[in-house]
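What follows is one structure encoded as structure tokens, with my remarks underneath.
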Amino acid sequence: MKRIAIAALGLGLFAASPSIRFAWQSLPFTLENGETERRYAPETMAGGVAAFDFDNDGNLDLFFTNGAEMPGLKKTSPKYWNRLLRGDGKGGFTDVTAKANLQGTGYDTGVAIADYDNDGFADIFVAGVHRNTLYHNNGDGTFTDVTNRAGLAQPGTEKLWSVGGAWVDINNDGLLDLFVVNYLSWDAAAEADCRYEGKHDYCHPKFYKGSANSLYLNKGNGNFANVSEQYGLNKSVGKGMGVAIADYDGDGFPDLFVSNDTLYNYLFHNVGGKKLEEVGLEAGVALVESGNFISGMGVDFRDIDNDGRPDIVYVALDNQTFPLLRNTGKGFQEITYASGLSVATRPMAGYSPGIFDLDNDGWKDLFFSRGHVQSLNLRGRMTVEQPNSVFRNLRNGKFALAADDGFSAGPALRHRGSAWGDFNHDGKVDVVVTALGAPAELWLNTGAADAHWLDLRLQGTRSNRDGIGAKIKVVSKTITQYNHQTSAVGYASSSAGPVHFGLGADTATDVEIRWPAGGVQRLTAVAVDRVMTVKEP
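Pasting the structure below:
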């Protein structure tokens, strides 16, 4: 992360593209990062949010991680509670945190959602400073902290700071494993002293030691085994800020990309479910075109050009650009400049990206939550508070800033996490964004009124129940497109809704699903404009 160091291919653009437009409303949650004049590093990294259906009523709910009092890392008042908001399916939310028992106990940063025990209810992993937490969904509106019972409370992690995580079935055994993104080795008592014009500010990552990421293998009995060393992760010490999952080489096993803060990025190639081999340099994702280290933040890993291969976008700070990496089938080629993102994003600072079809035309667009890592003390030197941005996919390997999207007229803040889903059942993808010291923002998608769509809610039987890792191909009259099931998206955040496909004018599709357990399921003449549950045969 850049801080003060002191002491594609495709078709041409159709003549009539649907609009990309969002309308903003605030939510009943304010991100309290515990910011002090001393400027402790975790204060600027808060803000993970999750979108998921915790009570299986068909409506997406929200979970927000929240900070704590600094430097004590204690939630000394209800304003620091993590929050669970129950959605009503119309864009409204009710706070049910107390009943659910999800207030939390320390300084929490990130969240990852999945049904780890295949019981039909989504569970919550919370990543934080010096402590991670696993909450089991009891199915009655309450959650139980099972961290110790599950074997996730590891000794010797008193200084470990985790930013987020990802649920992934590493060995395709039908049980979801947990990958944890670890950032810095951090101790409040040893906080570096960095100043600008005599005032404390957040320090460059070079003042801190990095950490290796962690992998916990699901044993199927509610317990997890730490297999980080066995899978080779201990050899790759970084400063992880984001993780995204996709099978980039098509070998049937999920791989992981980790964006690092001013270090080489990591691409962990899954070798038969038995080892994670770091191949970032060979694959062309370790560095940007200039060869410089940049402040890698959040990441998404999906097919942007409908060629069936997942691509990578991640964000950084001003003067670094937001890198876009195209999967060529033989590695990755950076197309940041060719796509138009290099010039457009150079003045921007970002945290949480998302690759989603925002106008339902069948081509995935790019969203970036924006805001600088520095404190408000530096307003005069740089643009600390920024609005969020959307870039429309022009279907020819290029992206253009959607200036009339609504975001550009929205609040300029230090935005952080983002979570995705259809919160009001109108067939369009909406987004929730957090910001330091401000109410969370719900951005309802008001464009693409006449475009068709299809959402697929997967239910594994031999595979994990969430279908995480399943690859989906949708073929309609005018377009073929691809996606995969994952809840790991953006910065410190998680989106666990159905897999969304925009279809433009097309009114029927054929669907092919390649399940993690190995089976291929084909559905023909599927009707559109609905959420369809597909159960693994």
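In the working numbering, the protein residues as written are 8 to 544.
Glycine is no exception: its CB is placed at the ideal position from the N, C-alpha and C atoms.
Short CB-CB distance (under 9 Å) between residue i and chain D
i, result
"Asn-384", "Absent here is chain D; the protein component of the structure consists of one chain."
Contacting residues, own chain, Cβ-Cβ under 7 Å from residue i (five flanking each side not counted)
i, result
"Asn-125", "Asn-471, Arg-472"
"Val-55", "Checking the sequence shown, residue 55 turns out to be Gly, not Val. Closer than 7 Å at the Cβ level, and outside the excluded window around Gly-55, lie Thr-72, Thr-116, Gly-117, Val-118, Gly-171, Gly-424, Ala-499, Ser-500."
"Asp-102", "Pro-35, Arg-90, Leu-92"
"Lys-86", "Glu-39"
"Ala-407", "Gly-347, Phe-398, Arg-399, Leu-401"
"Arg-521", "Ala-477, Lys-478, Val-527"
"Phe-29", "Asp-412, Gly-413, Phe-414, Trp-450, Leu-451, Asn-452, Thr-453"
"Asn-145", "Thr-151"
"Thr-149", "Lys-106, Ala-107, Asn-108"
"Thr-531", "Asp-517"
"Phe-300", "Thr-269, Leu-270"
"Tyr-123", "Asp-130, Trp-174, Leu-183, Asn-225"
Contacting residues, own chain, Cβ-Cβ under 8 Å from residue i (five flanking each side not counted)
i, result
"Ser-33", "Pro-446, Ala-447, Glu-448, Leu-449"
"Ala-22", "Its pLDDT being 39, under 50, Ala-22 is placed unreliably by the model, and the measurement read from it follows with that caveat. So no residue of the chain qualifies."
"Arg-386", "Glu-392"
"Asp-462", "Asp-429, Gly-434, Gly-504, Pro-505, Val-506, His-507, Phe-508, Arg-537, Val-538, Met-539"
"Asp-68", "Ala-58, Phe-59, Asp-60, Phe-61, Asp-62, Leu-91, Leu-92, Arg-93, Gly-94, Phe-100"
"Thr-37", "Lys-86, Gly-444, Ala-445, Pro-446, Ala-447"
"Val-188", "Gly-117, Ala-134, Ser-169, Val-170, Gly-171, Gly-172, Ala-173, Asn-220, Gly-247, Met-248, Gly-249, Val-250, Val-265"
Short Cβ contact (9 Å threshold) for residue i with residue j
i, j, result
"Phe-186", "Trp-168", "no"
"Ala-53", "Asn-40", "yes"
"Ile-311", "Asn-400", "yes"
"Pro-261", "Asp-176", "yes"
"Leu-91", "Leu-109", "yes"
"Asp-536", "Val-436", "no"
"Gly-525", "Ile-252", "no"
"Arg-464", "Val-527", "no"
"Arg-333", "Glu-341", "yes"
"Phe-70", "Ile-131", "yes"
"Phe-214", "Ile-120", "no"
"Glu-44", "Thr-51", "no"
"Ala-157", "Leu-141", "yes"
"Gly-229", "His-143", "yes"
"Gly-357", "Val-322", "yes"
"Leu-222", "Asp-184", "yes"
"Lys-542", "Gln-488", "no"
"Gly-257", "Gly-497", "no"
"Tyr-238", "Lys-282", "yes"
"Asp-208", "Asn-490", "no"
"Asp-513", "Pro-25", "no"
"Gly-135", "Gly-113", "yes"
"Trp-31", "Gly-361", "no"
"Cys-210", "Arg-46", "yes"
"Thr-468", "Pro-523", "no"
"Val-482", "Ser-359", "no"
"Asp-180", "Gly-280", "yes"
Supposed close pair residue i, residue j - CB separation, criterion 8 Å
i, j, result
"Gly-378", "Arg-309", "That pair is no contact at about 23 Å."
"Lys-106", "His-137", "That pair is no contact at about 27 Å."
"Ser-192", "Lys-216", "4 Å"
"Leu-240", "Ala-232", "Actually they do not touch by this definition, with Cβ atoms about 13 Å apart."
"Met-355", "Asp-325", "6 Å"
"Thr-269", "Ser-302", "6 Å"
"Ser-243", "Glu-285", "5 Å"
"Trp-88", "Gly-111", "6 Å"
"Met-511", "Gln-492", "In the sequence as presented, Met is not what sits at residue 511; that position holds Gly. In fact, because the Cβ distance is near 23 Å, the residues do not count as touching under 8 Å."
"Pro-330", "Val-380", "That belief does not hold up - the Cβ atoms of Pro-330 and Val-380 are roughly 17 Å apart, past 8 Å."
"Tyr-255", "Pro-317", "6 Å"
Cβ-based neighbour list, residue i, same chain, cut-off 6 Å, excluding 5 preceding and 5 following
i, result
"Val-533", "Thr-516, Val-518"
"Val-265", "Gly-247, Val-250, Tyr-273"
"Glu-76", "Gly-41, Thr-83"
"Thr-154", "Thr-140, Leu-141, Ala-160"
"Arg-529", "Glu-519"
"Lys-484", "Asp-513"
Tell me, please, whether the segment 361 to 373 touches the segment 182 to 198 by the rule of three or more beta-carbon pairs shorter than 8 Å. Touching, no, given that fewer than three Cβ pairs across the two stretches are closer than 8 Å.
Are the segment 500 to 509 and the segment 417 to 430 touching by the rule of at least three beta carbon pairs closer than 8 Å? Taking a cut-off of 8 Å for Cβ pairs, the segment 500 to 509 and the segment 417 to 430 touch, as three or more such pairs fall below it.
Between the segment 288 to 304 and the segment 268 to 279, do three or more beta carbon pairs fall short of 8 Å? yes
Quick test of the definition: if touching needs 3 or more C-beta pairs under 8 Å, does the segment 453 to 461 touch the segment 391 to 398? Taking one beta carbon from each stretch, the segment 453 to 461 and the segment 391 to 398 have fewer than 3 pairs nearer than 8 Å; the two do not touch.
Could you tell me which whole alpha helix (DSSP H) segments of length 4 or greater appear in the segment 64 to 137? 104 to 107
Which ranges would you report for the beta strand (DSSP E) in the segment 273 to 337 if only whole runs of at least 3 residues count? 273 to 278, 282 to 285, 306 to 309, 318 to 321, 331 to 334
Entirely within the segment 393 to 481 and at least 3 residues each: give me those beta strand (DSSP E) ranges in chain order. 396 to 400, 406 to 408, 422 to 428, 437 to 442, 445 to 452, 459 to 466
What are the start and end residues of each continuous beta strand (DSSP E) run of 3 or more residues lying completely inside the segment 163 to 248, in chain order? With a minimum length of 3 residues, the continuous beta strand (DSSP E) runs that stay inside the segment 163 to 248 are 167 to 175, 184 to 192, 216 to 219, 221 to 225, 231 to 233.
Within the segment 351 to 396, note down every full alpha helix (DSSP H) run reaching 4 residues or more, in order along the chain. none
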